[in-house]
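Participant: Sharing a structure here in C-alpha cells format.
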Amino acid sequence: MNILNKIKSNRVFKIVIVFLAIYLGFDLAFEDEFLSKLQHPGGRHDLFGDSFQLSEEVLENYIITKYPIAYERNRPNYSNVSNYIKSNSDTSYYEDRRLLDLHKSCGNCIGKDRLITPRRIGYVKAETKLKVLYKFYYKYEERMLSSNNKFYYYIVQDVESGQKYEIRDNDLKDIIKKGSTNLRDDAKLMVKTVKGFKDGKMNSIYYCLYEGYYSEYSFNQFLGDFKLSSEIKFDFKSKESLKHYICLDISFKTVEAYLTFAYYISDW
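Residues in the sequence shown are numbered consecutively from 67, following this note's numbering.
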C-alpha cells in the first residue's frame, strides 16, 4: 500500500497520466470530428470496440485484370456475429465478396462458433475492368499495443456486371503491379480445369483424393456442411484406387460449386 501511495504521489507519474488523458482524448475527439463528416451510406461502424472508416472520396481509378482472380463470397458480416466468431472466422465488412484474401485451411471451420455461412469460391475473369470506388480501414481496439493497428481495404466494382468486392490494399497493389498475387497459380489451374463449364448443367470431372482421409460418409458430410448437395453429385461405388489415391467421377452444377469443393476439400 505504501508503494502504491508513493507512486500516486510521484510528480512524473501524474504528468504521464495527464499527458495520456489529453492525448487519447484529443485523438478520439479528432477522429470523431473527422468521421462525422463522411457522407457515404456506409458511414462509420464501431464494432467489437474497433473502428471502421469508409472514405467519402470517390477514387474512380480503373484497372484491367491480367489473370483470373479468385474471390470468396458468403462470409458472415462482421457486425452480425459474436465476438468469438469475429476472432476466429473470416468475415466481410461492407461487401459480400472478398478478392484474393482466402484462407485455405478449413479444419473445424464449420462449427457453430466458426463458419456460420456456407463459403463459395469463384473467380473474376482475366481482362475484367474493375473500378476502384472507396477506401476504408479496419482498426484494432488495442490501439496502445501497436503503432500499426490499421488495415486498409478498397471496394472495387466490376464495370460490366456491377458486382462489388472488398480487397486488401496490398492485394490491390499486387494486381496493379503484377496482374495478380499469391493465389494466381491456384486460380489459373482451377479456372483452366473448368474451362467449358456450363452453369446450370452437371459437368463431370474425374477427381482424385488421398485415400486415407475420404469416405462416402465424409463426402456427404462436406456437401451438407457447405450446402452443396444440390450442386454436386457423385457415385462412391464407382471409385477406383490409384496408388494412394481414390478417384471417381464427380459432377458439378456450377463453377462456384467446383471451385469451392476443389479449394476446401483437402483441408476440411
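From the three backbone atoms N, C-alpha and C, an ideal C-beta is built for every residue, glycine too.
My assumption, with CB atoms under 8 angstroms, is that Y231 sits in contact with E161. Please give the rounded CB distance.
Facilitator: Within the sequence shown, numbered from 1, the residue matching residue 231 stands at position 165. Within the sequence shown, numbered from 1, the residue matching residue 161 stands at position 95. Confirmed, about 6 angstroms.
Participant: In the DSSP assignment, find the alpha helix (DSSP H) that holds N286 and state where it starts and stops.
Facilitator: Counting from 1 along the sequence shown, the entry for residue 286 is found at position 220. N286 -> alpha helix (DSSP H) spans E282 to D291.
Participant: Figure out for me which residue from I241, Q229, Y219 and C274 has the closest Cα to the Cα of H310.
Facilitator: To locate residue 310, count along the sequence shown from 1; it is residue 244. Of the listed residues, the one whose Cα sits closest to H310 is C274.
Participant: Inspect the CB distances between the region 132-148 and the region 183-192 and report whether three or more fall short of 8 angstroms.
Facilitator: Taking 8 angstroms as the limit for Cβ pairs, the verdict is that the region 183-192 does touch the region 132-148.
Participant: Do S270 and D301 have their beta-carbon atoms positioned less than 8 angstroms apart in this structure?
Facilitator: Taking the first residue of the sequence shown as position 1, residue 301 is located at position 235. Taking the first residue of the sequence shown as position 1, residue 270 is located at position 204. No, these two residues do not count as a Cβ contact at 8 angstroms.
Participant: What are the start and end residues of the alpha helix (DSSP H) that includes G327?
Facilitator: On the sequence shown, position 261 is the one that residue 327 refers to. According to the sequence shown, residue 327 is Phe rather than Gly. Run containing F327: V321 to Y330, per the alpha helix (DSSP H) assignment.
Participant: Going by the DSSP bridge assignment, what does N143 pair with across the sheet?
Facilitator: Reading the sequence shown from its first residue, position 77 is the one you call residue 143. Bridge partners of N143: S158.
Participant: Taking the alpha-carbon of S332 as reference, which of Y159, D156, G278 and Y203 has the nearest alpha-carbon?
Facilitator: Position 266 of the sequence shown holds residue 332. Residue G278 is the option with its Cα nearest to S332.
Participant: Thinking just about the alpha-carbon of each residue, which of S307, K303 and E297 is nearest to the one in K319?
Facilitator: The sequence position of residue 319 within the sequence shown is 253, counting from 1. Taking only the C-alpha atoms, the option nearest K319 is E297.
Participant: Do V321 and V260 have their CB atoms nearer than 8 angstroms?
Facilitator: Numbered from its first residue, the sequence shown carries residue 321 at position 255. Numbered from its first residue, the sequence shown carries residue 260 at position 194. It is a contact, given that the beta carbons lie within the stated cut-off.
Participant: Under the rule that 16 or more other beta-carbon atoms within 10 Å means buried, what is L325, buried or exposed?
Facilitator: Along the sequence shown, read from residue 1 onward, the residue named residue 325 stands at position 259. L325 should be labelled buried.
Participant: Note down, in chain order, each residue of its chain lying with its Cβ closer than 6 angstroms to the Cβ of S281, except the 5 sequence neighbours on either side.
Facilitator: Here residue 281 refers to the residue found at position 215 of the sequence shown. So the list is empty, once near-sequence residues are dropped.
Participant: Measuring CB to CB, does V225 end up less than 8 angstroms from N127?
Facilitator: Your numbering for residue 225 matches position 159 in the sequence shown. Your numbering for residue 127 matches position 61 in the sequence shown. No; because the gap between Cβ atoms is not below 8 angstroms, this pair is not in contact.
Participant: Considering only C-alpha positions, which residue in the set S155, F292 and D235 is nearest to F217?
Facilitator: The residue labelled residue 217 in the question sits at position 151 within the sequence shown. Here the closest residue by C-alpha is D235.
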